[in-house]
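Q: Note that the numbering used here has the sequence shown beginning at 77, numbered continuously upward.
Pasting a structure below so you can have a look.
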Amino acid sequence: MVEINTQLKTFWLGYADGWHQVIAHLVMIDNIEYAMVPQTSTDEEHVFISLYHLKSGKLIRECPISLKELLNADTKEATMKLFEDIAKRIEPTLKYNKSKILHESENYKLAMEKEFGPMPAIEDSYELNHYEE
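This is the structure:
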């Protein structure tokens with residue numbers, strides 16, 4: 077089952093040089109929380125909707141979509157529908173790999189926290205209030 081939180085959140089990704097702040101939508105897939113983050117690609121015609129494990133900031137999956145498809149999602153409802161469709165499309169793979177995702181994410185978080193300190197808290201995002209309808 078897929079559930080998407082419509083409130084934008086400030087979320088932290090784990091990178092080789094530390095925690096990086098982004099704005100994300102939270103999504104629950106098979107009782108695991110993830111953050112969905114639109115990100116650029118090297119190709120001007122496509123973007124990625126990247127899925128990160130919420131409790132570790134670990135990248136789980138990149139889902140390429142056309143830039144046009146993202147730009148056509150010009151309302152909150154359209155964006156939520158796009159994210160929901162992507163989540164439903166990858167749900168079977170995530171379910172199949174659930175224990176691996178949880179194990180690797182826990183190890184990733186421990187390594188990140190050892191190197192860079194605790195993962196900062198997730199907060200409501202107010203940076204994009206104009207996006208709210």
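No residue lacks a Cβ here, since even glycine has one placed at the ideal position from N, Cα and C.
In this text, all values refer to a predicted model and were calculated from it rather than measured experimentally.
Are the region 182 to 193 and the region 127 to 147 in contact at 8 Å, needing three or more beta carbon pairs?
A: yes
Q: To the nearest angstrom, how far is it from the Cα of threonine 86 to the Cα of glycine 94?
A: 16 Å
Q: By Cβ distance below 8 Å, which residues in the same chain neighbour glutamate 208 in space, the five residues on each side in sequence not counted?
A: Because glutamate 208 sits at a pLDDT of 46, beneath the cut-off of 50, its placement in the model cannot be relied upon, and the following sentence gives the value as read from the coordinates. Here the set comprises Lys152.
Q: Take the Cβ of serine 181 as the centre, count every other Cβ of all protein chains shown within 10 Å, and call the residue buried at 16 or more, exposed below.
A: buried
Q: In the DSSP assignment, the beta strand (DSSP E) including serine 142 goes from what residue to what residue?
A: Following the DSSP letters along the chain, one finds serine 142 inside the beta strand (DSSP E) bounded by residues 135 to 142.
Q: Taking the C-alpha atoms as reference points, what is the distance between isoleucine 105 and histidine 122?
A: Each residue's Cα considered, the two are about 24 Å apart.
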